[in-house]
């Protein structure tokens, strides 16, 4: 009967996990936890690096944008200044001529016409468009009514332009000052 008892014991020992196997399973679990922690730590480091790089890239982009805006403003001012110098030169030449005792009225009128022509050319180069709405419908976006005047023509027609307006492409620089018609009563 002893043989049978040994068989039972050996069968029972085989069914139970051996202490070494339990320890090995614990080690595997700990290794897996360490691997997971290591992977997570590496991923955090990678994401942190990506975040820092993205932040640096954004900072550089903002600095470049500010610099480009400043250069664009400087360029536009430079272009305007260069065009205004032409007008200034003409005005200075007219001032010198005005002290000439032999100045004729015709010369003064001709100089004024040339100055006006030069100014219009500068406005064309700068894309500044004149708003002169005489006999057009009143448009509150581009016209400022200074007065109304009774008239036989239809209502809200510009009868007089007191001061021309100007726009730069689609941006209004100055509205035209106008007198607008209203129906006779």
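Numbering (our numbering), first residue to last: 1 to 185.
Quick reminder that beta carbons are idealized off the backbone N, C-alpha and C, glycines included.
Quantities reported herein were computed from a predicted structural model and do not represent experimental measurements.
- DSSP places residue 117 in the uninterrupted alpha helix (DSSP H) bounded by 105-125.
- Just measuring C-alpha positions, the residue of 121, 97, 122, 144 sitting nearest residue 132 is 144.
- Going by beta carbons, residue 153 and residue 137 fall outside the 8 Å limit.
- Judged by DSSP in its simplified three-state form, residue 181 adopts strand.
- According to the DSSP assignment, residue 153 belongs to no beta strand (DSSP E), since it is labelled neither H nor E.
- Distance between residue 47 and residue 54, taken at the CA atoms: about 10 Å.
- The beta carbon of residue 80 lies closer than 7 Å to those of 126 in the same chain, with the five residues before and after it left out.
- Boundaries of the beta strand (DSSP E) around residue 130: 128-131.
- Assigned with DSSP and collapsed to three states, residue 75 falls in helix.
- Scanning its chain for C-beta atoms nearer than 6 Å, with the 5 sequence neighbours on each side dropped, one finds no residue around residue 59.
- Here the alpha carbons of residue 121 and residue 68 stand approximately 29 Å from one another.
- Here DSSP, grouped into helix, strand and coil, assigns residue 164 to coil.
- Going by C-alpha positions, residue 57 is about 56 Å away from residue 94.
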